Amino acid sequence: MAAALFAVIGASTSFGIALPVLAGEIGAGQTELTVIETAYTVVFAAVLLPAGLAADRFGRRRALVGGLLVFGGAQLLIGLAGTPVLIAALRAVSALGAAAVFPSTLAVLVDAYPERLRARAVAIWVGVSSVSATLGGLISGVLVDVVSWRAVPGLFGVVALLVALPVARTTRDRPRRELALDWPGAVLALVGLAGVVLGITQAGQSGPTAPAALVPIVLGAAALIGFVVRELRARTPLLPLRLLRDRGVVVGSLLLLLVFAAFSAFTFLGPQYLQYVRGYSGLTAAVALLPADVGLVLAIPALTVVLRRFGARGTGALGAGLTAAGLLLLALGASATSYWPTALALVVFGAGTTLAITPATTLVVAGLPASRLTVASAFTYLTRQVGVAASSAVVGAGLLVVYQSRVADALVGLPGPAAARASDGLSEVVGLAPELGPAGDALLAAARSAFTAGYQVALVGCAAAAALGGLLCALLAPSGLTEVLDAPPDLTPTTTPTTTPTTTPPARTRPDTPGGSS
1 MAAALFAVIG
11 ASTSFGIALP
21 VLAGEIGAGQ
31 TELTVIETAY
41 TVVFAAVLLP
51 AGLAADRFGR
61 RRALVGGLLV
71 FGGAQLLIGL
81 AGTPVLIAAL
91 RAVSALGAAA
101 VFPSTLAVLV
111 DAYPERLRAR
121 AVAIWVGVSS
131 VSATLGGLIS
141 GVLVDVVSWR
151 AVPGLFGVVA
161 LLVALPVART
171 TRDRPRRELA
181 LDWPGAVLAL
191 VGLAGVVLGI
201 TQAGQSGPTA
211 PAALVPIVLG
221 AAALIGFVVR
231 ELRARTPLLP
241 LRLLRDRGVV
251 VGSLLLLLVF
261 AAFSAFTFLG
271 PQYLQYVRGY
281 SGLTAAVALL
291 PADVGLVLAI
301 PALTVVLRRF
311 GARGTGALGA
321 GLTAAGLLLL
331 ALGASATSYW
341 PTALALVVFG
351 AGTTLAITPA
361 TTLVVAGLPA
371 SRLTVASAFT
381 YLTRQVGVAA
391 SSAVVGAGLL
401 VVYQSRVADA
411 LVGLPGPAAA
421 RASDGLSEVV
431 GLAPELGPAG
441 DALLAAARSA
451 FTAGYQVALV
461 GCAAAAALGG
471 LLCALLAPSG
481 LTEVLDAPPD
491 LTPTTTPTTT
501 PTTTPPARTR
511 PDTPGGSS
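For what it's worth, UniProt numbering labels the leading residue of the sequence shown as 1, then goes sequentially.
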C-alpha cells in the first residue's frame, strides 16, 4: 500500500517540475500548461467519492488493481505523447486510476493489520504520503536534467504496474453489495467542475466575454446547481450537503479551500518561475522549494501548544495569516537577485500552512457525528481538491492576462506568427528567442519581466485568499476545540493527493445526538 501511495502521489507532485521543460519541447503555451495541470485535479476531485464507494461495493482489490493498471498505463503513455491536448487527456485518465487507488490504500491497511499493529501501519502510511511529494519532486528534477521529462511519468507508471501484481495476490476482497452509488451526482459533479475550470482557463486567453469562456462556465454552473439539487433529494447522496448546517464545518471547509487554493497556486507557478526566470535546472528548482518543508517541520512541534492556547479558531487564523505573509514575501522576493528572500518566504509559507490546515480539519471533523467520520474525511479532502483545481485555473488565466499586457510592446515589429507564439506565454518565448537572433534576447528579457509581474500579481491574489480564510475563521469559527484531532498533518504541495483527515480517531468527535458537545 505504501508503494501504491508513492506511485500516485509522487507522479502528481513531480509533474510540476517537468512542466517547464515539457512546454519547451512540445510548444505548449501558458493556457495549455494550465489545462494539463487542472485536467488531473478536476477529474480526481470529481471521481474520488464515487470511486471510494465503488471500491467498498465491488471490492477493494478490484479497485486497487484496476486503478493501478489504468494509472500506470496512462503515465507510460504520457511519456510518449507529443501534443498538449493528448497529455491533458492522459492526465485525466491517470486521475481516474488514482481516484480508484487512493481511498482504498488506508482501508486495506486498517483491515489487514490487528489493532496492536494498526497504529504503526497507519503512521507509516501517513509518513509515506508526506515524503512522497518531496521525494517525487527530487526524483523528477534528476530525471528532467539527466534523461528527459518523459522519464518522469514513465518511472511512476512502471512503479504502479509493478505494484499491481502483489496487490492482486495479497489483498482480500470484501464487497458490500448493499451500498448504493449516486452515479448521476458523480456525472454532474464532473461536468460542473470541468466546465467552470475550462471556462476560467479560456477566459485568460480569449477574454471573459468570449463564447469559449462563457459557454463552459454557464454549462458548468448549471451542472453544479443540478448536483446540489440532486444531493439534497437523493436517498443515498454522494455528498450529504445537509452536513453544512454546522458553523464549524462551513468555516473549516472554507479555510481548507482558500488555504489549499493559495498553496497549490504557488506549487503550480513556482517551478515555472524558478526555471524560466531564474534559469534553474529541474533538480535545482526542486531543491529550491525545500524550505517550505523546513517550515512545515518547524511548525509541527508548536502546533499542539498553539492549539491548546488559542483553540482551533485562533490557530487557524494565525496559520492563514502566516500563509498570506509568506505569499507576500514570495511576491517581493521574485524581483530580488538573491534566492535567500525566496527561501525565507518559503519557510514562513510552509509553517503557516501547517498551522492552518490541521485546525481547519479539526473544525470539520468536530462538527460531524461519529457515524459520519468517513464522510468527514472525504469531504475535507474533496474541499481541498476543489481549491486546488479552481486556483490553478484562476492563477493561470490571471497570469496570462498580466503577461500579455506587459509583453505587448516587445512584440511590435515581430512577424505575425512569432508575435502570436510569444503572446501565448514565456514557455513559447524560451523556444522562440534563439530563432530571432539578437532581437530574441531583448524579447526574452521582456517576457521574463512580464511573467514575473504576472507571477507577483497571482501571489498577491493568493495571499488575499488566505487572509480571507483567516478572517472568516477568526470571526465565525466556534470557540474551544483545543486539541489536535488527527495525526501530524500531511501537507504535501498539493496539486496532489494528501491524507490527513482519514487518520482521525473517532474518540474526539461529537456523538450522534443533536447538540452534542465534543
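Just so you know, even glycine gets a beta-carbon here, dropped at the ideal spot from N, CA and C. Computed from a predicted model, the values in this text were never measured in an experiment.
Restricting attention to V152, L117, A51, A112, the CA atom closest to the CA of F102 is found in A51. The beta-carbon distance between A189 and A46, rounded to whole angstroms, is 5 Å. This is short enough to meet the 8 Å contact definition. Apart from sequence neighbours up to five positions away, the residues of its chain that approach M1 with a beta-carbon distance below 7 Å are T105, V108, L109, W125, ordered along the chain. Between L355 and A477, the C-beta spacing is not below 8 Å. Look at D293 here: in three-state DSSP terms it is helix. Using a 10 angstroms sphere on the CB of D441, the tally of other CB atoms stays under 16, which defines it as exposed. The Cβ neighbour count for P166, taken over all protein chains shown within 10 Å, is under 16; the residue is labelled exposed. Residue T323 holds the alpha-carbon nearest to the alpha-carbon of G461 among T323, D293, G248, F156. Inter-segment contact for the stretch 53-61 and the stretch 138-155 is absent: fewer than three beta-carbon pairs are separated by less than 8 Å.
Shown here for Y455: same chain residues with a beta carbon closer than 7 Å to its own, the five before and five after excluded, namely L269, Y273, A334, L399 in chain order. When the alpha-carbon of E25 is set against those of L432, L459, G470, A99, the nearest one is in L432. The three-state reading of DSSP puts V215 in helix, counting H, G and I together.
The Cβ-Cβ distance between Y276 and F451 falls below 8 Å. The beta carbon of G321 is closer than 6 Å to those of G470 in its chain, skipping five residues each way along the sequence. In this model, G72 and L239 are separated by some 29 Å (Cα to Cα).
Just so you know, the alpha carbons of A445 and A286 end up roughly 24 Å apart.
The C-alpha of S427 is placed about 25 Å away from the C-alpha of A194. With contacts defined by Cβ atoms closer than 8 Å, V197 and A465 do not form a contacting pair. Annotated as distal: G16 and P291, with beta-carbon spacing of 8 Å or more. For D409, the secondary structure class from DSSP, reduced to helix, strand or coil, is helix. Of all alpha-carbon atoms in T209, L414, A317, the one lying nearest the alpha-carbon of G437 is that of L414. The Cβ atoms of F260 and V65 do not sit closer than 8 Å to each other.
In terms of Cα proximity to L472, the closest of L255, L219, V187 is L255. The beta carbons of T34 and T201 sit closer together than 8 Å. When DSSP states are grouped into helix, strand and coil, A336 belongs to the coil group. Sorting V144, T358, T337 by C-alpha distance to the C-alpha of G319 places T358 at the top. Remark: C-beta atoms of A262 and G316 do not approach each other more closely than 8 Å. Distance between A98 and L161, taken at the CA atoms: about 12 Å.
The residues L188, in chain order, have a CB closer than 7 Å to that of G226 in the same chain once the five nearest residues on each side in sequence are set aside. In chain order, P50 place their CB closer than 8 Å to the CB of W183, counting only its own chain and leaving out the 5 sequence neighbours on each side.
Assignment of G270 by DSSP, reduced to helix, strand and coil, places it in the helix class.
With distances taken between CA atoms, T31 lies nearest to A88 out of V70, A88, I78. DSSP places D441 inside the alpha helix (DSSP H), whose first and last residues are 438-476.
DSSP, read as helix, strand or coil, puts L257 in helix.
The criterion of a C-beta distance shorter than 8 Å is satisfied by L76 and G154. The C-beta distance from L219 to V228 rounds to 15 Å, too long to fall under 8 Å, and the pair is not in contact.
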